[in-house]
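If you're matching them up, the sequences are chains A and B in order.
The letter at position 396 of the first sequence is residue 604 when you use my numbering, and the numbering goes up by one with no holes.
The letter at position 194 of the second sequence is residue 312 when you use my numbering, and the numbering goes up by one with no holes.
Note that beta-carbon positions come from the ideal geometry of N, C-alpha and C, so glycine has one too.
Since the model is a prediction, treat every value here as computed from it, not as a measurement.
Okay, so here's the structure we're looking at.
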Amino acid sequence: MMPQFTPLWTDWLIYALLLIIAVYIAYTRSKPHLLAPWRKVMRSPTAIASSVILLVFVTIGLLDSIHFREALPQQNNGEKTVYSAEIISLFDRMATPLRNHVEKTYSAPLAVNLFAMESVEQPDGRVARLFPRLKYAGSHLGKDIEHSTRDQWRLFIKGSLWGAVIWVLLCLVLNAALASHARIDFSQMARRLWRGDTELPWRTLLLTIGMVLWLSAIAWQIAPRYHLFGTDKVGLDVLYLALKSIRTGLIIGILTTLVMLPFALLFGIMAGYFKGWVDDVIQYIYTVLNSIPSVLLIAAAVLMLQVYMDLNKDSFNSVVERADVRLLFLCLILGVTSWTGLCRLLRAETLKLREFDYVQAAHALGASHWKIMTRHIVPNVMHIVLITITLEFSSLVLAEAVLAYVGVGVDPSMNSWGNMINSARLELAREPMVWWPLAAAFVFMFVLVLAANLFADAVRDAFDPRVQ
Amino acid sequence: MIGYVLRRLLYAIPILIGVNVFIFTLFFAVNTPDNMARIHLGMKRVTPDAVAKWKHEHGYDKPLLFNAQAAGTQKFTATIFFTKSVPMFAFKFGAADDGRDIGQDIKTRMLPSLALAAPVFLLGLLLYITFALTLAFFRATYVDYVGVVLCVAMMSISGLFYIIGGQFLISKLLHLVPISGYQYGTDAFKFLVLPVVIGVIGGLGSSSRWYRTIFLEEMNRDYVRTARAKGLPERIVLFRHVLRNAMIPILTGVVVVIPTLFMGSLVSESFFGIPGLGSYTIDAIRSQDFAIVHAMVFLGSVLYIVGLLLTDISYTWVDPRVRLS
Numbered sequence: 209m210m211p212q213f214t215p216l217w218t219d220w221l222i223y224a225l226l227l228i229i230a231v232y233i234a235y236t237r238s239k240p241h242l243l244a245p246w247r248k249v250m251r252s253p254t255a256i257a258s259s260v261i262l263l264v265f266v267t268i269g270l271l272d273s274i275h276f277r278e279a280l281p282q283q284n285n286g287e288k289t290v291y292s293a294e295i296i297s298l299f300d301r302m303a304t305p306l307r308n309h310v311e312k313t314y315s316a317p318l319a320v321n322l323f324a325m326e327s328v329e330q331p332d333g334r335v336a337r338l339f340p341r342l343k344y345a346g347s348h349l350g351k352d353i354e355h356s357t358r359d360q361w362r363l364f365i366k367g368s369l370w371g372a373v374i375w376v377l378l379c380l381v382l383n384a385a386l387a388s389h390a391r392i393d394f395s396q397m398a399r400r401l402w403r404g405d406t407e408l409p410w411r412t413l414l415l416t417i418g419m420v421l422w423l424s425a426i427a428w429q430i431a432p433r434y435h436l437f438g439t440d441k442v443g444l445d446v447l448y449l450a451l452k453s454i455r456t457g458l459i460i461g462i463l464t465t466l467v468m469l470p471f472a473l474l475f476g477i478m479a480g481y482f483k484g485w486v487d488d489v490i491q492y493i494y495t496v497l498n499s500i501p502s503v504l505l506i507a508a509a510v511l512m513l514q515v516y517m518d519l520n521k522d523s524f525n526s527v528v529e530r531a532d533v534r535l536l537f538l539c540l541i542l543g544v545t546s547w548t549g550l551c552r553l554l555r556a557e558t559l560k561l562r563e564f565d566y567v568q569a570a571h572a573l574g575a576s577h578w579k580i581m582t583r584h585i586v587p588n589v590m591h592i593v594l595i596t597i598t599l600e601f602s603s604l605v606l607a608e609a610v611l612a613y614v615g616v617g618v619d620p621s622m623n624s625w626g627n628m629i630n631s632a633r634l635e636l637a638r639e640p641m642v643w644w645p646l647a648a649a650f651v652f653m654f655v656l657v658l659a660a661n662l663f664a665d666a667v668r669d670a671f672d673p674r675v676q
Numbered sequence: 119m120i121g122y123v124l125r126r127l128l129y130a131i132p133i134l135i136g137v138n139v140f141i142f143t144l145f146f147a148v149n150t151p152d153n154m155a156r157i158h159l160g161m162k163r164v165t166p167d168a169v170a171k172w173k174h175e176h177g178y179d180k181p182l183l184f185n186a187q188a189a190g191t192q193k194f195t196a197t198i199f200f201t202k203s204v205p206m207f208a209f210k211f212g213a214a215d216d217g218r219d220i221g222q223d224i225k226t227r228m229l230p231s232l233a234l235a236a237p238v239f240l241l242g243l244l245l246y247i248t249f250a251l252t253l254a255f256f257r258a259t260y261v262d263y264v265g266v267v268l269c270v271a272m273m274s275i276s277g278l279f280y281i282i283g284g285q286f287l288i289s290k291l292l293h294l295v296p297i298s299g300y301q302y303g304t305d306a307f308k309f310l311v312l313p314v315v316i317g318v319i320g321g322l323g324s325s326s327r328w329y330r331t332i333f334l335e336e337m338n339r340d341y342v343r344t345a346r347a348k349g350l351p352e353r354i355v356l357f358r359h360v361l362r363n364a365m366i367p368i369l370t371g372v373v374v375v376i377p378t379l380f381m382g383s384l385v386s387e388s389f390f391g392i393p394g395l396g397s398y399t400i401d402a403i404r405s406q407d408f409a410i411v412h413a414m415v416f417l418g419s420v421l422y423i424v425g426l427l428l429t430d431i432s433y434t435w436v437d438p439r440v441r442l443s
């Protein structure tokens, strides 16, 4: 039975973003002058390595953005199909064991027993204090539970072997393809690849893919049978939570800049191009917005949304949709606070460009203002836009955690690293302490932000004319 | 100069009015005074009388923006917007929803905020510039490379990690300083050491990298080549020429922050239990106290505008070519 496709608001925006990217790629492909900086980005080993990592995150985020409601098993034939009330994503479906293996409470990474002692009634009627067995982790072992460590090692080796096999196959295929493309021997190409003596950093690419394959193959072997990163207070698998948070992080990082982009472009270019009172009005608007402390502005806006949602409880069908609207609103308000920086940069650049000869010539030939702005100015400020988007991304991902702590972040029911950190920060004070939810959230966030920072650097080096 | 300052202060008035209108619209676009009263009195079983009484006590028993029943200028002055916004310009912040005087609270809480933010700012500035100059001195060597990698790694770590990790390591494991809290007077030192150190470390990555970029940009200029050509040692070139000329871009980013130091830091103040304005704001946000949030927004905007003004004045101080008129 086909599930019912139920995209959320942010999903539509992500699809729109994909469309924009596709159009951009199609447009750029045939223009050598637009491709040149991207070629430069791809020649940088750090950019290649970080873009592999980013691609992995983006893929998980995209899989998590295809939402649907599953069809419930039909009672009797002929009736209309009934769909489950729960909205899940394709990623949820793929990670079903992770999603369903909910334990009672905390358990350490790879543990087979609960973290806290409990009084359990024995079969003979006595009550004993012990660490109860987990319901799911290691359940495939049955009575053989003492050997869980051996089993985990077995799975680790099995996963590593799988990863290695796939990686070697991939290397062979790529090498063959490169060799035939360069019209040289297979072994000659392999030697070049090994030495890193290629125009594009294929060696770095393969090494990074190898790392990713290795880690994901191990996770693929172990995660369905044990809790790789333990479980949290209500027994949810921490790995699952951390993976689900990827979508939230990406949406905050990308959609925010996307929603602010039209305003920043329009206002920035208009202010720089027309000068005079238009410039004054636009400068006034962004000085006002800038002078409000941004956290306070976000806080005030989110509080108001909260009030609005409390007053209109009926207009949301489910918790997921409610959380999604709040996420979208958070992106909007973050966009409002952050578009001013880009706007100012664009204004300054346009002020410079409008005096250039080619713009004056276009004006003298009778081109309209609109045409000059769209044809002659916008293409020449796009590098600023691109650099700002990539630089802004990582700070937005980091800001999400801080906002969650202040209490004005994404909906508490939504999975995000900020919410994970916020709910786990008191757990360090427990005795013995619970460190894994915090660690998982910080590690995932660090990897994403580091990759984004490195990629942004490469993009800036390639696109910024001042650097060249 | 004085004329310039006065003119700039006059320009600030429309901006502050804009800020007030914006924040006011944001607050009351979906929220009504009735609603606020109900939130503060508890959502259940509130009599209309109690709501009316609360509104009267807190000054919300008027129309929002326009009073049609009043006469003359009262049409505009006898409104919530007017009565809540105009006293702000005289720094009269009124009472919070729980009845405390906001102005008094701000005065007492400013000091702890400043005691935390000022050392972070000064030590940070010193450390970041020193570090960035070192990297610029060793540019294109392994020292520079390792330093930049360190910076990128450090700026990729969430600020919360530094706070949580620092508290855990220093206070919980090593028991060197109290985990959180505050005391007035000289005892404040032991409570402030950890937040200051963490604040400085937290900003090391991004700031040092930014300063390094500024220095490197300056070092590519002609006057640096001239200085080297006439045989000046690299040390003198760096400190006497590059550092001075890099002051303009540095001041642009730095001076504007100085007045807002009073506002404190939201996150670290509340993590370390320091009774400053940052934790005050967070508490107000959590208890949905419009009066306090409004006052803090206004204060923040004023300080920001003062910061912009100070930035312009500081340009004349480091660059004799800049004249304010």
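A distance below 8 angstroms separates the beta carbons of W217/A and L536/A.
With a cut-off of 8 angstroms on Cβ pairs, the region 607-621 of chain A is in contact with the region 495-513 of chain A, counting three or more such pairs. Measuring C-alpha to C-alpha distances from A569/A to each of I580/A, N520/A, T304/A identifies I580/A as the nearest. Around the Cβ of A345/B, a 10 Å sphere holds 16 or more other Cβ atoms; the residue is buried.
Within the DSSP bridge table, the entry for Y291/A names A279/A as partners. Under the Cβ criterion of 8 angstroms, M468/A is not counted among the residues facing chain B. About 13 angstroms separates the Cβ atoms of G221/B and F207/B, ruling out a contact at the 8 angstroms cut-off. Rounded to whole angstroms, the separation of the alpha carbons of V527/A and D272/A is 16 angstroms. Taking every protein chain shown into account, the CB of W402/A has fewer than 16 other CB atoms within 10 angstroms, so this residue is exposed. Q396/A counts as exposed, since fewer than 16 other C-beta atoms from the protein chains shown sit within 10 angstroms of its C-beta.
Using a Cβ-Cβ cut-off of 8 angstroms, G320/B does not count as an interface residue toward chain A, since no Cβ of chain A sits closer than that to its own. At a beta-carbon threshold of 8 angstroms, the residues of chain A lying near I133/B are Y492, T495, V496, S499, ordered along the chain. Per the DSSP secondary-structure output, V342/B pairs with nothing in a beta bridge. Around the beta carbon of S624/A, a 10 Å sphere encloses 16 or more other beta carbons of the protein chains shown; the residue is thus reported as buried.
Assigned with DSSP and collapsed to three states, N185/B falls in coil, not helix or strand.
Cβ neighbours of L505/A within its own chain (closer than 6 angstroms, five residues either side excluded): T545. Distance from the Cα of F265/A is smallest, within the candidate group L458/A, F601/A, P317/A, for L458/A. Sequence-distant Cβ neighbours of P205/B in its own chain, meaning closer than 7 angstroms and more than five residues away, are G212.
If you ignore the 5 residues before and after P393/B, its C-beta comes within less than 7 angstroms of the C-beta of R227, P230, Y300, all in its own chain and listed in chain order. The C-alpha of R404/B is placed about 14 angstroms away from the C-alpha of H412/B. Residue contact check for I261/A against chain B: no CB pair falls below 8 angstroms. Counting only runs of at least 4 residues, the region 213-254 of chain A fully encloses the following alpha helix (DSSP H) elements, listed from N- to C-terminal order: 217-237, 240-251. Taking every protein chain shown into account, the CB of P645/A has 16 or more other CB atoms within 10 angstroms, so this residue is buried. Straight across, the Cα-Cα distance linking F323/A with D407/B is about 40 angstroms. Per DSSP, reduced to three states, the secondary structure at D167/B is helical. For the pair Y481/A and R562/A, the CB atoms are nearer than the 8 angstroms cut-off. Taking a cut-off of 8 angstroms on C-beta distances, the region 271-282 of chain B touches the region 597-609 of chain A, as three or more cross pairs fall below it. For V335/A, the pairing in a beta bridge is given by DSSP as E329/A. The region 248-267 of chain B makes contact with the region 318-335 of chain B, as at least three CB pairs between them are under 8 angstroms. Under a criterion of Cβ atoms nearer than 8 angstroms, no residue of chain B is adjacent to V489/A; the nearest Cβ is some 11 angstroms distant. Distance from L369/B to T429/B at the Cβ level is roughly 6 angstroms; contact confirmed, criterion being Cβ atoms closer than 8 angstroms.
Contact annotation: in the region 608-634 of chain A, residues whose CB is within less than 7 angstroms of a CB in chain B are A609, V610, Y613, V614, G615, V616, I629, R633.
For R534/A, the three-state secondary structure derived from DSSP is helix. For F394/A, same chain residues with a beta-carbon under 6 angstroms away, outside a window of 5 residues either side, are A387 in chain order.
Secondary structure note for F209/B: it is in no alpha helix (DSSP H), with a DSSP letter that is neither H nor E. Under the Cβ distance rule, T399/B counts among the residues neighbouring chain A, one pair being separated by less than 8 angstroms.
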